[in-house]
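Residues in the sequence shown are numbered consecutively from 240, following the numbering used here. No residue lacks a Cβ here, since even glycine has one placed at the ideal position from N, Cα and C.
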Amino acid sequence: MEQKRNKKIIVAIVALLIVAAAMFAVYRFAMPQGTKGDKSITVTVVHGDETEKVFEYDTDEEYLGPVVTEDGLVEGEEGEFGLFITTVDGETADEAKQEWWCVTKGGEMTTVSVSEQVIEDGDAFELTLTVGY
């Protein structure tokens with residue numbers, strides 16, 4: 240009886256591992272891929288005092304993260320979901336005031352971190368210091 244129970248548990252664990260591996264493979268396959276080649280993009284920073292500063296980039300990167308971190312425009316912490324932005328253009332979000340950096344593309348909030356945000360030629364992104372969770 241005990242051996243039967245142990246065998247069922249082992250089969251269940253193996254099945255769970257197979258399902259998890261399959262889900263990971265589907266995620267990696269379906270994840271948006273960046274466009275290869277040269278592209279020009281703009282990143283507008285909207286500071287806490289509502290002043291704006293526009294940064295223009297010519298790059299061959301496929302994702303936004305490397306573009307904005309290489310020159311020091313953005314600083315942050317790598318986490319489970321990619322780069323969590325803490326500082327942009329020298330201004331650090333104050334967690335005690337519920338401040339955070341909102342990433343938008345063409346005025347629409349992005350659904351991924353800058354690490355996974357695909358870029359294409361002509362894209363316009365905004366980094367806005369936002370208050371309130």
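Quick check on residue i: buried or exposed, where buried means 16 or more other Cβ atoms within 10 Å of its Cβ?
i	result
S352	buried
E301	buried
Q356	buried
Y372	exposed
G315	buried
A332	buried
V307	buried
Just list the residues that DSSP pairs residue i with in beta bridges.
i	result
A363	T281
M348	T343
E334	According to DSSP, E334 bridges with nothing at all.
K292	V284
Under the assumption that residue i contacts residue j (Cβ atoms under 8 Å), give the Cβ distance between them as a whole number of angstroms.
i	j	result
T349	T367	Wrong, their Cβ atoms sit about 12 Å apart, outside the cutoff.
V293	L312	11 Å between Cβ atoms; not a contact.
G287	E330	6 Å
Measure the C-alpha to C-alpha separation of residue i and residue j and round it to an integer number of angstroms.
i	j	result
G276	E309	18 Å
E359	K278	6 Å
A335	V250	48 Å
W339	G321	15 Å
P305	T369	22 Å
I248	M240	13 Å
E295	A261	40 Å
F364	N245	54 Å
F323	Q337	14 Å
T298	G346	22 Å
F362	T290	Per the sequence shown, the amino acid found at residue 362 is Asp instead of Phe. In a straight line, the C-alpha of D362 is about 21 Å away from that of T290.
* Should the stretch 252-259 be regarded as contacting the stretch 280-298, the criterion being three or more beta carbon pairs within less than 8 Å? -> They do not touch, by the three-pair rule.
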